[in-house]
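As structure tokens, the structure follows; a few thoughts come after it.
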Amino acid sequence: MIEELFGEHHQEVQRRWGAALEKTGFDAVLVHSGTPLVSFLDDFEYPFRPNPLFLYWLPLTHHPDSAVLFRPGEKPLLCFFQPDDYWYLPPADPESWWADHFDVRVVSDATTWKTEFAQKMPTNTAAIGDAPSLNAVFDRERINPENLITAIHLQRTRKTPYEVACMAEASRLAGLGHRAAEAAFMQDCSELEIHQAYLSASGHTDQRLPYHNIVALNEHGAVLHYQGRDREAPPQSRSFLIDAGCTVNAYCSDITRTYSRSGGLFAELVEAMDTLQQSLARRVCPGVDFRDLHLQAHHGIAGILADTGVIRVDAEAAVESGLSAVFYPHGLGHFIGLQTHDVAGLIDDRGASLPRPEGHPFLRLTRTLAPGNALTVEPGLYFIEALLRRWRESAGEDAVNWAVIDALLPFGGIRIEDNVVVTDAGCDNLTRTAFEAL
Ligand code: GLY
Ligand code: MN
Ligand code: MN
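Heads up: the sequence shown at position 85 corresponds to 84 in numbering that gives the first Met the number 0, and the numbers run straight through without jumps.
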């Protein structure tokens, strides 16, 4: 049970914050959940996204104006904002499985944390959050100190069993949504209908999703973060790329599948990409430099393009010349956790920058993998008109089979994405395990 793992996780989180505070010379830390933002000249709030470092303490995803105060050696305090409101539903009472680990004060005023905590904060307390009200209490240099945030971000790269269990469940729920979405695609539904089928099957509202679902039919699969939701189904549904996750206690899944409605070259490419993706995911283990794995993905994709006659040069030449990046213009993956694109992917254990390989500006993970890391493995292969045109204009006609490209453009693109966790000896593929058990 996920909830039974929380106590051990909470001990570890306290230990990590304690170490980070000691290292950076602070005596305590206040972590504020955030304050809702109202849209300009209106009275509606933007969807609330809490401070991820508040979520690291607690699974409170819809709780603005709450705060945790942690002083090493003492039970953490939680100021839990529960307004006495009849316009909106106030947050439910704290639940014992997590609340028993805090000294909880339930307050009905958004600023009460200031007086609640005033006597308990040592002078040298750091504050983390973006709430404007922090400015009235803390000197500027004690708000969001970079060294403290970096120290915690580095700790977050090693997931606890509780965090892994939350992400495994987020993969399972997403599996229910993906299965319903695939069925809706096969029944010629529109993008909007497919999206709704996903939400319904996974039990998510739009706001609970970790990121906006990418629900792309046909050519739309070539738009990497396609945000449309066409209400009309196209005259013919040829291909379908869905990139959609779920959240459990604020922990994310980030999963992509691609389907073809007919046989032929596109279907062959989908199958080859699936085989490549699984082979790359199996190579995830401690000691692997993710930059190397990303470059192996380029070689694999270039090999598929050469073998299927999409390009007229061999894989080596395609990677060397930058042609593989025309078809695969993003990184192989990123850390995942409380944030879909989780933190500290581009720094080493001392906080020093780990550069991306030259020519790969969008890679979000350059670290050497270690046990506890949670990451995505998401090779892609797209037919993006703008990038193909630029290639043709700058490098000429020869390396690409343009007749084949013309036949593939209406299918958009392919991405296959799983979430994996590095273990002592290899990795667990949370997504494949969850999907197989459905
Ligand atoms: N869904 C965003 C990504 O795959 O990074
Ligand atoms: Mn994704
Ligand atoms: Mn991703």
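For glycine and all other residues, C-beta sits at the position ideal for the given N, C-alpha and C. Bear in mind the structure is a predicted one, so any value in this text is a computation, not a measurement.
According to DSSP, is Y55 helix, strand or coil?
coil
Under the three-state reduction of DSSP, which class applies to F289: helix, strand or coil?
helix
Proximal residues to V312 (C-beta, below 6 Å), its chain only, five neighbours per side dropped:
A398
Spatial neighbours of Y210 within its chain, please: C-beta separation below 6 Å, excluding the five flanking residues on both sides.
T339
Among the residues of its own chain, which have a CB less than 6 Å from the CB of F25, if the five just before and after it don't count?
N123, A125
T430 beta carbon near ligand 2 (any heavy atom closer than 7 Å)
no
Identify every run of the alpha helix (DSSP H) within the stretch 158-222, keeping only runs that are complete inside it and at least 4 residues long; order them along the chain.
160-185, 190-201
Provide the residue(s) that pair with I413 in DSSP beta bridges, ordered along the chain.
L380
Return yes when the Cβ of C245 is within less than 8 Å of the Cβ of L172, no when it is not.
yes
May I ask you to report which of helix, strand or coil DSSP gives N143?
coil
Reducing DSSP to helix, strand and coil, say where D273 ends up.
helix
Contact check, I404 vs L387 under 8 Å by CB: the rounded distance?
6 Å
Identified DSSP bridge partners for N507
Shown here, the chain extends from 0 to 437; a query on residue 507 therefore has no answer.
Buried versus exposed call for F86 [16 or more other C-beta atoms within 10 Å across all chains shown]:
The amino acid at residue 86 is misidentified as Phe; the sequence shows Trp. Answer is exposed; the Cβ neighbour count stays below 16.
Just tell me which of W390, R104, E218, F80 has its CA closest to the CA of P35.
F80
What residue does the alpha helix (DSSP H) around T9 start on, and which one ends it?
The amino acid at residue 9 is misidentified as Thr; the sequence shows His. Start and end: 5-23.
Quick one: what does DSSP say L88 is sitting in, helix, strand or coil?
coil
Answer yes or no: the CB of D347 versus the heavy atoms of ligand 2, is any distance below 7 Å?
no
Could you tell me the distance, in whole angstroms, from the CA atom of E384 to the CA atom of E190?
22 Å
On the three-pair Cβ rule with 8 Å, is the stretch 224-238 touching the stretch 158-173?
no
Just mark P121 as buried or exposed, buried being the case when its beta carbon has 16 or more other beta carbons within 10 Å.
exposed
Chain-order list of residues whose beta-carbon lies under 6 Å from that of F116 (same chain, five-residue window excluded):
L68
Less than 7 Å separating the Cβ of T255 from some heavy atom of ligand 2?
yes
Could you give the DSSP three-state label for E2: helix, strand or coil?
helix
On the three-state DSSP scale, how would you describe F434?
helix
Is the beta carbon of T375 within less than 7 Å of some heavy atom of ligand 1?
yes
Rounded to whole angstroms, what's the CA-CA distance from R391 to L54? Just pull it up for me.
47 Å
Rounded C-alpha distance that separates I151 from W16:
7 Å
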